[in-house]
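Number of protein chains: 4
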Amino acid sequence: MVCLCFLFVFFNQGPATLGFRQKNFDSANHPSASYTDSSDDETSPRDKQQKNSKGNGDFCIKTSNRLNSEMPALMALRKRAQGEKPLAGAKVVGCTHITAQTAVLMETLSALGAQCRWAACNIYSTQNEVAAALAEGGFSVFAWKGESEDDFWWCIDRCVNVEGWQPNMILDDGGDLTHWIYKKYPNMFKKIKGIVEESVTGVHRLYQLSKAGKLCVPAMNVNDSVTKQKFDNLYCCRESILDGLKRTTDVMFGGKQVVVCGYGEVSRKGCCAALKAMGSIVYVTEIDPICALQACMDGFRLVKLNEVIRQVDIVITCTGNKNVVVRENLDRMKNGCIVCNMGHSNTEIDVASLRTPELTWERVRSQVDHVIWPDGKRIVLLAEGRLLNLSCSTVPTFVLSITATTQALALIELYNAPEGRYKQDVYLLPKKMDEYVASLHLPTFDAHLTELSDEQAKYLGLNKNGPFKPNYYR
Amino acid sequence: MVCLCFLFVFFNQGPATLGFRQKNFDSANHPSASYTDSSDDETSPRDKQQKNSKGNGDFCIKTSNRLNSEMPALMALRKRAQGEKPLAGAKVVGCTHITAQTAVLMETLSALGAQCRWAACNIYSTQNEVAAALAEGGFSVFAWKGESEDDFWWCIDRCVNVEGWQPNMILDDGGDLTHWIYKKYPNMFKKIKGIVEESVTGVHRLYQLSKAGKLCVPAMNVNDSVTKQKFDNLYCCRESILDGLKRTTDVMFGGKQVVVCGYGEVSRKGCCAALKAMGSIVYVTEIDPICALQACMDGFRLVKLNEVIRQVDIVITCTGNKNVVVRENLDRMKNGCIVCNMGHSNTEIDVASLRTPELTWERVRSQVDHVIWPDGKRIVLLAEGRLLNLSCSTVPTFVLSITATTQALALIELYNAPEGRYKQDVYLLPKKMDEYVASLHLPTFDAHLTELSDEQAKYLGLNKNGPFKPNYYR
Amino acid sequence: MVCLCFLFVFFNQGPATLGFRQKNFDSANHPSASYTDSSDDETSPRDKQQKNSKGNGDFCIKTSNRLNSEMPALMALRKRAQGEKPLAGAKVVGCTHITAQTAVLMETLSALGAQCRWAACNIYSTQNEVAAALAEGGFSVFAWKGESEDDFWWCIDRCVNVEGWQPNMILDDGGDLTHWIYKKYPNMFKKIKGIVEESVTGVHRLYQLSKAGKLCVPAMNVNDSVTKQKFDNLYCCRESILDGLKRTTDVMFGGKQVVVCGYGEVSRKGCCAALKAMGSIVYVTEIDPICALQACMDGFRLVKLNEVIRQVDIVITCTGNKNVVVRENLDRMKNGCIVCNMGHSNTEIDVASLRTPELTWERVRSQVDHVIWPDGKRIVLLAEGRLLNLSCSTVPTFVLSITATTQALALIELYNAPEGRYKQDVYLLPKKMDEYVASLHLPTFDAHLTELSDEQAKYLGLNKNGPFKPNYYR
Amino acid sequence: MVCLCFLFVFFNQGPATLGFRQKNFDSANHPSASYTDSSDDETSPRDKQQKNSKGNGDFCIKTSNRLNSEMPALMALRKRAQGEKPLAGAKVVGCTHITAQTAVLMETLSALGAQCRWAACNIYSTQNEVAAALAEGGFSVFAWKGESEDDFWWCIDRCVNVEGWQPNMILDDGGDLTHWIYKKYPNMFKKIKGIVEESVTGVHRLYQLSKAGKLCVPAMNVNDSVTKQKFDNLYCCRESILDGLKRTTDVMFGGKQVVVCGYGEVSRKGCCAALKAMGSIVYVTEIDPICALQACMDGFRLVKLNEVIRQVDIVITCTGNKNVVVRENLDRMKNGCIVCNMGHSNTEIDVASLRTPELTWERVRSQVDHVIWPDGKRIVLLAEGRLLNLSCSTVPTFVLSITATTQALALIELYNAPEGRYKQDVYLLPKKMDEYVASLHLPTFDAHLTELSDEQAKYLGLNKNGPFKPNYYR
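Protein chains in written order, with the working numbering: chain A, 27 to 500; chain B, 27 to 500; chain C, 27 to 500; chain D, 27 to 500.
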């Protein structure tokens, strides 16, 4: 695989540095060190003339001097492009959350030789100071926090529809960018070498296109890479369930009775083990007998929801199913019961059933609603039933770093793949690349991998450099 | 013990209610439901004419319509004084943090028959909306957030120095109120039946007074009650170490190397076990071989600080000692290392040694400083080395409830104790009361205590109703 | 799937009973209740005339009145064949370990309508008293503890080569029975409907036959069923690593330094988590970066073996690889270091390298050797490097029950499958049956499975009765 | 404390050796390497002429060539007396279990200058091969396995009542030796400098003597030393509960429901945490609200025994109370329920109530009885309700080493204490010595203690060398 040799050169040189953040954000931010929000400026960014300090005006952002999000001191992803440029000639149009981590990704792609134009995949998630720093750094960014839906599509369009620049790679998170090009500029696909898609939703759309025979370029599904799945689902949720509950409710975990609906990867270590370790008593519901038996062996009582609904202090859904917690269950919960969702589907808790006249909703703080029954009983509903760890917690930079590294590798693979390696279909990242992403993150933990001897490799029937597991290994 | 019969009547009747918060705060708060801070009003509360809705003006607060702190849905402490009033005739002057929990305590004391006047024990910690609700409820409260030092003593004085009202009980947190009366109104002690003191510092002052022969009334040290100690030290810290680190740094715990200095009660389950459960690799330093051997048996490598200082990601002190982490150690830490203190002493980390010209301090968010070495290395210092769990986390209401219950019981005990039971000395809460406080919190967990049979009580040489452990039991 | 309806009738009726053990073994065993071993009888069973109490002599066993292995009080597998007989007409020839659990399986098959003839798959593992009880119960069993190799094949032959009885199903554990029929009686396969194989080795042989185009009947690989894998690998090893080490060495786990080679399913929860929970300090070695990163996130330091070999108290291999611990490593271990293998391959520890003249071997108790270096250093080698949990621990009946249930289901499936469902190939148990095996074991834990509503099943695109996971799900 | 300087010289020199075991036992044992028990020799040892290889006949033992108990490879306790002999002139008469560990203690005392005569404190616990090795080594040992009660007192008498030798120190375990001297040779106490007592029972007897004014020499209670208590109760039980259950019943812990009666030190980490870690669901009963609240916060449901008695798989008592599990509870348990006791009192389970005609007892293996109800229900009773971890598990050498070291130190302290330091009373080991015992065991774990700086010692008000905790610290 030709492309990998590039990467080994680029990624494996020397110690980590604080990199991007120090160079761009800190200097801009420190002089002020003020926490005043300048967001009372009501003029739309679209109506302003904007230029960065070098006179470049090909971006549209909202300026800010507040730094909301700190990046941890160490980044696993590093960029030291020298000599070879595996993305030389690549013109990447991207549509993702605009955060410090994305900035690192864009700088990385740029260092690898790509040109980038970028829009936000969510109208709320843009960090204005990051967008500002990127614009100042010469990137064509079209995004600000609090876009209208019209703004949203306008920004995407500005990324794609520009004189003298035609994208040949798509990096998407949610499929809106891909959708827009399909709808407005289908001819562009003639020059596009591939799509890299990050989200569950976007991947689902791509598979539908593929089934319908309408996918006209290869696409790489990076959402389902092993590394990402393991870390997002298991290790990330293990911490974010505690963090999300604590920040929103200050609940003490010790002695609390909790029911977790579903015992798949997310809930297993992600929720159940973490809460057990903190002294909660955890009950589990399941539909699949194999997962159910595992819950038993791990020390959780397997119950039907209604057996414990009256006594539990916290209800957590992580099933991927719908209507797991319905109005009847909510009616039976005790006063003060906390209800939240850690699954991908927003319909796990039937929140709609709580929008009835006899119930009063009270927003007690951001992401926290009290739903009040006529007799005064309050249910504490978090994030209106949406995914708790995205709404009420932070995603560790370590996990974001894994995602960004995977995206970069997928772009390089698609961009450099010889004719015919990929058809007009949806692909998973090759196992070897998945393993490579993992290996890039080991130095963070001062972890030392063992190498197979020639004799051992032969015995196991493996190449000494991997892949070590079959492609279907999860 | 006569007083206990009162309490059993008062405290053991029926299910928990949301109580105070619903009745007083919520109604006041909901109509607005706005999060705007009205704190730009620059006039001092001392310069305003204030009256509550019934025309009562004996208080001094700063009005607010913002609700900072939510109370959990269930409170273990409940008040249903009917008939007997164990504090009838008591005139309690109090000086504590003014929070929702204190409000519950004051309402409880009032329901038990006491009259109360209250000041804040800290110039920053007053929750204005709580003070407002208390004033509206008819309590004489003198406190607002952001008092000057002069305001602070003025407020205390207004509690004590009032025509026609002479306190006969003191409830103090820190000893400032006691100090003020000693200094300004020593004659008041003639009518005072006792002091209940909550804080380490205040208790220390009382023991000094006692040693010097200057303590002129009995004092109850509620800081060292078993229940409080166990819960504050162990269970509370187990959660607050994670919460404090997460809220300030968003650090991912999995795989992180952590050194914890000291292996006493706080660090044992409080810090070490919690971090281990989250996937951190924890090292321990100790000076006492008995504690050291326990660290070994619990699965932690016992090291000297310098053996691991270059490799760890997080340094936590919980020793009660001074200069546990000194400049030399800080110089050797790696870039991005997080340093914080969970011990009671603010001198565990030699923060003063970091105030030198070659180091740059950067405040990156509330409670978080980056200290930057000339070569660009950053150390992340939390809460400037002060107690992390007070500064950067929340104290669970459950723990506050234990404290408040203990305070109320101590007041009742001192107020009702027959002549001669208590001398002019500092006392610990009798074991039986400690056990009673614990028993009052069991219903929260739907926990069912087993009762001794007559035969078993005889076999063990115990009274069936306790105390079950000797007074020295910790 | 027609066969399943039989099973639901057979397996889902009423509470567990002690079943087999009580009826057959206990009564036979109690009168004596003596622990004397009658194994000094030197005559070969082959040379004796044997008849059971009903005069039947079609078996060959060694009588015994000692009961080595107790069966737990509850068995998940139960047999209550009434009416329908899904194995009516089946003639099963089996070759497995002869233990109490196998006896339950044979009784089950018999109750389901099958006729059985049985031999042992291992010359040492036969429990003579079980064989005796089976013979007494009318089963044709040919097995005793301590067979010679010649005896071994003689016994197998006696199962197969009998006048007037031709097997139509094979149940094998290790492939020796299958091999014997291939070699001696290839024509028998004309009437054989299928092979059910339990072991890794036997499955491997079947795949080789299949590849070579020589497999002439369908075969079911029950070794790789999800339920079996999960329980054997993970939950079983979690307990057997502690048990195996404790019974052989009485080592105290607290504070011990342990290195575990390999971080796959077995070692993950099986070894590492159990030892961590007992207070050991665990290091991990890995070759696969994805598994390595998981070890880091789970809180284990990832090292190369030589980094820690001088300091560790225990070395455990679970890789499936060869020469993971070699003489050079063994030379560097400290005095008293315990070395054992939890992996399937006996070559993980290079035990052969220890058979050199300068090293003295001392057998200190069963399964425990001290290997003594010239300077007096002793290494404690367990089970001569063979699989620890088979050699030095017990396999919980619960796990054996899962295996036996799976075997019975596989036989039924193959026996009843319509023409053409299975070709001359190796098959995994259908997911639905795997789930069914799991569901049969849930009542042991008083576990209550949740059922999908019609609406939910539709939303998920699943049948309400499963299968709930795709066939590749592990 | 003069004596400590001796000890530092004696104990802190160089690396651990396998010591005693290698020198005496192994050589004697290996030639045979046979496991045949020669215990069918029916002649009483009292009736035999015995001489060791040097012609010395002042002992009485039963020869054996079987080694029952292996000692772990490393011993923390080591003896390298050179020059100074703190026990020079001491004549120690001892009455303890005769095991390999005791042999190490006796060799240690001898190396420190003492002369020893020894009897067994239990008629069953003597390891004959240890006694043999000691006799061969020149020690006057009077003990064998299976003494009659008459033998027992005869052996003790032979230790004390000997021409030309008068003991001046007593080392007792259970108080029988002390009792014998009180009864038969009260005048001996004139020359005796002190008693060191190891057991709960013996300590109890000493306190009774003291209360009655009849204690005529100082006595050291080493049972209640912190180190011993912590390790015996907590760390030892954590492992022995699993080991004891596994060896007797082969039960799988995962998913089992367990009720633990009592939540003191033993059960807390000892039983509850270990079982929870292995995947059991643990319920707790308690009478003390403070302990009860801790159980809640640690994540265990607090119940009354009858709430869960019908559903649990295992019942464990650790209360110190009597009749915690009575016949009524036993009647309600489900078939196969395992019942055992981890508390010190043998009356926690009312075993006597099971000795009724309608119940059948069946001894299924050593320490395991099935009690069978008329309907066939079986309860699995372990060790007839006696302490499980002594009966069915092994006590780790590490813990025995702590005990032996404490005993040696106590002897030295009493023997060398200046006139007047100890009166005719029962003393706890001084804290500093307790800490010293702990420090002697740290090298086993390669653990590195931190030393206080002068400044820190001053700040804390401590001596740099300890004691670090007040004497009442547990």
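Glycine is no exception: its CB is placed at the ideal position from the N, C-alpha and C atoms.
query: Would a check of beta-carbon distances place N187 of chain A closer than 9 Å to chain D?; result: no
query: Between which two residues does the alpha helix (DSSP H) holding T382 of chain B run?; result: Premise fails: T382 of chain B is in no alpha helix (DSSP H) and is neither H nor E.
query: Identify, in the order they occur along the chain, each residue of the same chain with its Cβ nearer than 7 Å to the Cβ of D202 of chain D, setting aside the five sequence neighbours on each side.; result: C121, C147, I182
query: Give the straight-line distance between the Cα atoms of S364 of chain D and I405 of chain D, rounded to the nearest whole angstrom.; result: Inspection of the sequence shows that residue 364 of chain D is occupied by Ile rather than by Ser. Rounded to the nearest angstrom, the two C-alpha atoms are 6 Å apart.
query: Using a beta-carbon distance below 9 Å, is F326 of chain A in contact with chain B?; result: no
query: Measuring only between beta-carbons, confirm whether P422 of chain C sits less than 9 Å from chain D.; result: yes
query: Say whether chain D places a C-beta atom closer than 9 Å to the C-beta of K240 of chain C.; result: no
query: Give the range of the beta strand (DSSP E) segment to which M132 of chain A is assigned.; result: First-last for M132 of chain A: 126-137, but that is the alpha helix (DSSP H), not the beta strand (DSSP E).
query: The beta strand (DSSP E) spanning Q507 of chain A covers which residue range?; result: Residue 507 of chain A lies beyond the range of chain A shown here (27 to 500); nothing can be said about it.
query: Residues in the same chain with beta-carbon distance under 8 Å from A430 of chain D, minus the five sequence neighbours each way, listed in chain order, please.; result: L103, Q127, T128, V130, L131, T134
query: Below 9 Å on C-beta distance, what does K295 of chain C contact in chain B?; result: Correct list: empty, because the minimum Cβ distance to chain B is about 14 Å.
query: Any beta carbon from chain C within less than 9 Å of W315 of chain A's own beta carbon?; result: Per the sequence shown, residue 315 of chain A should be read as Pro rather than Trp. Yes, because at least one Cβ of chain C sits closer than 9 Å to the Cβ of P315 of chain A.
query: Spatial neighbours of V350 of chain C within its chain, please: CB distance less than 6 Å, with the 5 preceding and 5 following residues excluded, ordered by chain position.; result: C287, T343, E374
query: Can you list, in chain order, the residues of its chain whose CB lies under 6 Å from that of S151 of chain D, leaving out five sequence neighbours each side?; result: H123
query: Taking only beta carbons into account, state which residues of the region 481-493 of chain A come closer than 8 Å to chain C, listed in chain order.; result: E481, Q482, Y485, L486, G492
query: Against chain F, with Cβ distances strictly below 9 Å, would L478 of chain B count as a contact?; result: Absence of chain F from the displayed structure is noted, the protein chains being A, B, C and D.
query: Assign P315 of chain C to one of two classes, buried (16 or more other C-beta atoms within 10 Å of its C-beta) or exposed (fewer than that).; result: buried
query: Please classify A473 of chain D: does DSSP put it in a helix, a strand, or coil?; result: coil
query: Mark N213 of chain D as exposed unless 16 or more other C-beta atoms lie within 10 angstroms of its C-beta, in which case mark it buried.; result: exposed
query: Which term fits E224 of chain D, buried or exposed, when burial requires 16 or more other beta carbons within 10 angstroms of its beta carbon?; result: buried
query: Kindly indicate which residue of C:F168, C:S465, C:R381 has the alpha-carbon position closest to the one of R143 of chain C.; result: C:F168
query: Examine chain B for any beta-carbon lying closer than 9 Å to the beta-carbon of C298 of chain C, and answer yes or no.; result: no
query: Excluding the 5 residues preceding and the 5 following M304 of chain D in the sequence, name in chain order all residues of the same chain whose CB lies nearer than 6 Å to its CB.; result: F279
query: Is D480 of chain A buried or exposed, if buried means 16 or more other CB atoms sit within 10 Å of its CB?; result: exposed
query: Return helix, strand or coil for K49 of chain A, following the three-state DSSP convention.; result: Residue confidence is low: K49 of chain A scores 29 on pLDDT, short of 50, so the model does not pin down where it sits. No coordinate-derived value is stated.
query: Since V243 of chain A contacts P193 of chain A with CB under 8 Å, what's their CB separation in whole angstroms?; result: In fact, because the Cβ distance is near 11 Å, the residues do not count as touching under 8 Å.
query: Name the two residues that bound the continuous alpha helix (DSSP H) containing W144 of chain B.; result: Unbroken run through W144 of chain B is the beta strand (DSSP E), 141-146; no alpha helix (DSSP H).
query: Please state the DSSP three-state secondary structure of Y150 of chain A.; result: coil
query: Considering only residues of the region 237-314 of chain C, which uninterrupted alpha helix (DSSP H) runs meet the minimum length of 4 residues and lie entirely inside it, listed in chain order?; result: 252-255, 263-275, 300-303
query: Which same chain residues end up closer than 7 Å to P400 of chain D when comparing Cβ atoms and leaving out the 5 residues on each side of it in sequence?; result: E384
query: My output table needs one value for R412 of chain C: the three-state DSSP class, helix, strand or coil.; result: coil
query: Would you mind sorting T382 of chain B into buried or exposed? The rule is 16 or more other CB atoms within 10 Å of its CB.; result: exposed
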